[in-house]
Amino acid sequence: GGTMVAPSINNGDDDGDSDGDRDTDESGSDDGDEDPIGRVGRCGKCGCKLKVRAVLCTSCRQRKARQDVYANPPLAVGNGDKTARSTRTRRSKADVAGTLLQELKGGAAGRSLEALCVQFVVENIDKVVEFGELPEPMLDAICMVVCKRNLLTDTTVPLFATASRTELHLFDCANLTNNVYARVFRTCSSLTTLDLVFCGQLSDKELEMLPECCPLLCDLRLCGAFKVTDKVLASVVRQLPLTRFSFSNSATIGEHTLAALHEKTGLESLEFSQCINLKDEHLVRVSNHNTLQSLSVVQCEFITDRAICALLEQCGPNLKYLSLLGVVQLTDAVCKTIGSRCVGLQHLDLGHLGCLTNAGLQFIADCSLPLSYLSLKRCIGLTDKSVCACINKHKKTLQTISLHSLDKLSPSVVDTIASCPSLKSLDVSFCQGIDFSDEDLDRLGRHCNHLKEVKVWGLSRVHMPNVPYKVVGCGSVM
Numbered sequence: 011g012g013t014m015v016a017p018s019i020n021n022g023d024d025d026g027d028s029d030g031d032r033d034t035d036e037s038g039s040d041d042g043d044e045d046p047i048g049r050v051g052r053c054g055k056c057g058c059k060l061k062v063r064a065v066l067c068t069s070c071r072q073r074k075a076r077q078d079v080y081a082n083p084p085l086a087v088g089n090g091d092k093t094a095r096s097t098r099t100r101r102s103k104a105d106v107a108g109t110l111l112q113e114l115k116g117g118a119a120g121r122s123l124e125a126l127c128v129q130f131v132v133e134n135i136d137k138v139v140e141f142g143e144l145p146e147p148m149l150d151a152i153c154m155v156v157c158k159r160n161l162l163t164d165t166t167v168p169l170f171a172t173a174s175r176t177e178l179h180l181f182d183c184a185n186l187t188n189n190v191y192a193r194v195f196r197t198c199s200s201l202t203t204l205d206l207v208f209c210g211q212l213s214d215k216e217l218e219m220l221p222e223c224c225p226l227l228c229d230l231r232l233c234g235a236f237k238v239t240d241k242v243l244a245s246v247v248r249q250l251p252l253t254r255f256s257f258s259n260s261a262t263i264g265e266h267t268l269a270a271l272h273e274k275t276g277l278e279s280l281e282f283s284q285c286i287n288l289k290d291e292h293l294v295r296v297s298n299h300n301t302l303q304s305l306s307v308v309q310c311e312f313i314t315d316r317a318i319c320a321l322l323e324q325c326g327p328n329l330k331y332l333s334l335l336g337v338v339q340l341t342d343a344v345c346k347t348i349g350s351r352c353v354g355l356q357h358l359d360l361g362h363l364g365c366l367t368n369a370g371l372q373f374i375a376d377c378s379l380p381l382s383y384l385s386l387k388r389c390i391g392l393t394d395k396s397v398c399a400c401i402n403k404h405k406k407t408l409q410t411i412s413l414h415s416l417d418k419l420s421p422s423v424v425d426t427i428a429s430c431p432s433l434k435s436l437d438v439s440f441c442q443g444i445d446f447s448d449e450d451l452d453r454l455g456r457h458c459n460h461l462k463e464v465k466v467w468g469l470s471r472v473h474m475p476n477v478p479y480k481v482v483g484c485g486s487v488m
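Next up, the structure:
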């Protein structure tokens, strides 16, 4: 899962094998003569030394053959079939080779040609004059790597903030001065989406220019804007035709901004993350929006059931995405409201809710929701009773499940997880009670055909699984 395997090449062998120019006997030793020049190659999978004309060592060839058989078992023979037929699917580029962007997200080390070009551009970013007609997604990809390497400065930001941009994502603005924001806003007059991360130098003076310079802006996301005051932010919100608003990692937002959001119409998405001064009396101001499809209130420690329940009563029927991660004062009452009001919910994150009990989760297990994402990580009060009931109720639609640190679960939960036919991602890290092992991974691989990744951090019984999907944290004990 995620490791690039070089394809076997047949250089005209008459025997029809696929292991290069040389044959190997049963013991795996090479019959052919050594390379006349004395060159030494590397195995395309494990990297061990071998003759230069070979692609994979004997062990890796055998392991790959077993994985191919495991991933593509023979079809059952029908009544009219004379022979069994096996199917083999060509692995997609995304499965075979990772990219530089995948590396940033913890993916494979293999790189595509596109990623190598991005790397070369980033390493020579100080020599680039302009990018020309590159599409916006490619500019964002380059900008992401530039920010990762802490190279986004007042000098390099004009390469990405051009007049033709309609969406601008700057993933790390920590090195930008306040003056550069004014130039960016004046240049990008056609913006509809603006995403500024770690924009600590953005001040009221520059932000006040935004409605005049970017009158079409409907999606505004600010992270770490601690110099922006509540009143100025409220004024900007009133003047822009916003449908999506996100504000995070700052204590400055308060009653004035929430009052301005109350006056807006057609809001589709709201996000407040780590806004430590946000209180119930502020958040209830936006409970009038029944058009919300996405609501995220993350790590806002003063928020309680009162504000969240009021919001869900009004906007619940249209909600598809709900994240309440780390809102530690929430109780089972929120789950009861979710079960009764959020009938179209697809994404639900209840992580780090220490007050949540089996009775609360049972409200969600008793209703029919089209859930594809469910996170219960660090909800330490939950046991098999409610977790298995909730997963079993929504097993047909669930694609992502996180049970991180639920140490009261037992091994029986694996059987329930294995009944989810559409499962793609699973996190059972630090679930010591499950006693997760290589055999459990093998069972999941047989039943969950779409499974791509399982996280097993801190589970000592997972060693060397031979499964056709990615296992993260294998062999880690903390």
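Going from the sequence shown to my numbering is simple: count from 1 and add 10.
Using N, Cα and C, we set each Cβ at its ideal position, and we do this for glycine too.
Computed from a predicted structure; not experimentally measured.
Ranked by Cα distance from Leu454, the options Gln442, Pro168, Val477 are led by Val477. When the alpha-carbon of Leu227 is set against those of Gly210, Leu178, Arg193, the nearest one is in Leu178. By the CB criterion at 7 Å, Leu212 and Ala192 fall outside the cutoff. About 4 Å separates the Cβ atoms of Leu268 and His292, confirming a contact at the 8 Å cut-off. Taking the C-beta atoms as reference points, Ile374 is found nearer than 7 Å to Cys400. Looking at the DSSP output, Cys233 sits in a beta bridge with Val207, Ser258.
About 6 Å separates the Cβ atoms of Ile444 and Val423, confirming a contact at the 8 Å cut-off. Looking at the DSSP output, Thr426 shares a beta bridge with no other residue. If you compare the alpha carbons of Glu222, Ala184, Phe181, Asp214 with that of Ser200, the shortest gap goes to Glu222. Distances from the alpha-carbon of Gln409 to those of Lys403, Pro421, Ser435, Ser420 put Ser435 closest. Per DSSP, the unbroken alpha helix (DSSP H) holding Ser350 starts and ends at 342–351.
One thing to note: Thr262 has its Cβ within 7 Å of the Cβ of Asp240. The three-state reading of DSSP puts Thr253 in coil, since its state is none of H, G, I, E or B.
DSSP places Val131 in the uninterrupted alpha helix (DSSP H) bounded by 123–133. Contact between Gly483 and Lys465 holds: CB atoms are separated by about 6 Å, below the 8 Å threshold. As a beta-bridge residue in DSSP terms, Val307 pairs with Phe282. In the DSSP assignment, Ser385 falls within the beta strand (DSSP E) that extends over 383–385.
Here Val307 is buried: its Cβ has 16 or more other Cβ atoms, across all protein chains shown, within 10 Å.
A buried status is given to Arg71, since no fewer than 16 other beta-carbon atoms sit within 10 Å of its beta-carbon. Rounded to whole angstroms, the gap between the alpha carbons of His362 and Phe257 is 21 Å.
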